[in-house]
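In the working numbering, the protein residues as written are 9 to 288.
Each remark here refers to the structure printed beneath this line.
Written out as structure tokens, the structure reads:
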């Protein structure tokens, strides 16, 4: 399978290798010298906006198998490997504890990602980014493997959170922070992560967390893979879920690449946008 993709923006058009494409964006340099951490996220979606559809065998939504693909997953890992901390979900911790989830940064078990493992080591970063979980219910454990060798798991919750659950999570080596009264606030969350010393924050969660980041104007870069397919179906999740954003969040196109190989020649587009203040 060809490793080549076509850069359509910025001009002039030119060809690149897929491997190393998002490493060249050098997010760690963008995070240097800022007053707060640099926050970025990534989604794969159908053209009709489906990032998640009903799971075929259990309650809840999942990434559609019709858009998930190895080429997008490669770029997801290139984004994850650059992070200091990854925003994830309570569901991920539950699935990890039950043996149904792997590490988000999946570069140590798959030989195809050996170059990314070496990249992180060469930049003198810990083997894995720390984790932050946004949750009001706190209905998950903290698996010991996730806090091994000094790795931090930070739980961002609300003032009304169950004190017994807060104490239980702290007993499991989690760091619990209060980041809002009735819901977690994006600005409060990112300020807390700044106080932990993080410079590069990668959001890997769904549309509700995306909304809280956008509402407080703390998202700097949005990556989207557009699979050139229409799926239909309901219910479904789109990139953002929440009240109308007022004012709307303006985006500026940063890069646009065409992958003609994906999905047996159907193709997909890899796009990145700068958001809000970062777009200016």
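Note that the Cβ used here is the ideal one computed from N, Cα and C, for glycine as well.
With 16 or more neighbouring CB atoms inside 10 Å of its own CB, residue 192 falls in the buried class. In this structure, the alpha-carbon of residue 272 lies about 43 Å from that of residue 158.
Nearest to residue 205 by C-alpha distance, out of 117, 45 and 219, is 45. Closest by C-alpha distance to residue 97, out of 184, 141 and 137, is 141. If you compare the alpha carbons of 164, 247 and 108 with that of residue 186, the shortest gap goes to 164. Residue nearest to residue 149 within the set 171, 188, 99 and 138 is 99 (criterion: CA-CA distance). The beta carbon of residue 201 is closer than 7 Å to those of 45, 93, 140 and 209 in its chain, skipping five residues each way along the sequence. Residue 53 holds the alpha-carbon nearest to the alpha-carbon of residue 246 among 63, 42, 53 and 109. Residue 15 is positioned such that its CB atom lies no closer than 7 Å to that of residue 231. Around the CB of residue 249, fewer than 16 other CB atoms lie within 10 Å, so the residue is classed as exposed.
Residue state for residue 204 is assigned as coil, using DSSP reduced to three classes.
By the Cβ rule, the segment 20-29 does not count as touching the segment 170-187, because fewer than three pairs are nearer than 8 Å. No Cβ-Cβ contact shorter than 7 Å links residue 260 with residue 228. Residue pairing by DSSP leaves residue 192 without any beta bridge partner.
Looking at the DSSP output, residue 12 shares a beta bridge with 25. Contact check for residue 76 against residue 137 fails: the beta carbons are separated by 7 Å or more. Between the alpha carbons of residue 275 and residue 12 lies a gap of roughly 12 Å. Residue 125 places its beta carbon less than 7 Å from that of residue 116.
Within the same chain, and ignoring the five residues on either side of residue 216 in sequence, the residues whose Cβ sits closer than 7 Å to its Cβ are 249 and 250. Membership of residue 42 in any beta strand (DSSP E) is not indicated, and neither H nor E is assigned to it by DSSP. Closest in C-alpha terms to residue 256, from the list 225, 170, 87 and 121, comes 225.
Here the C-alpha atom of residue 190 lies approximately 15 Å from the C-alpha atom of residue 171. Under the three-state reduction of DSSP output, residue 276 falls in the strand class. Between the C-alpha atoms of residue 197 and residue 188 there is a straight-line separation of about 8 Å. Taking 3 residues as the minimum length, the beta strand (DSSP E) runs contained wholly in the segment 139-199 are 161-165 and 183-186, in order along the chain. Counting only residues of its own chain and dropping the five nearest sequence neighbours on each side, residue 18 has a CB closer than 8 Å to the CB of 263. Ranking 173, 169 and 181 by CA distance to the CA of residue 162 puts 181 first.
Ranked by Cα distance from residue 81, the first of 35, 68, 62 and 118 is 118.
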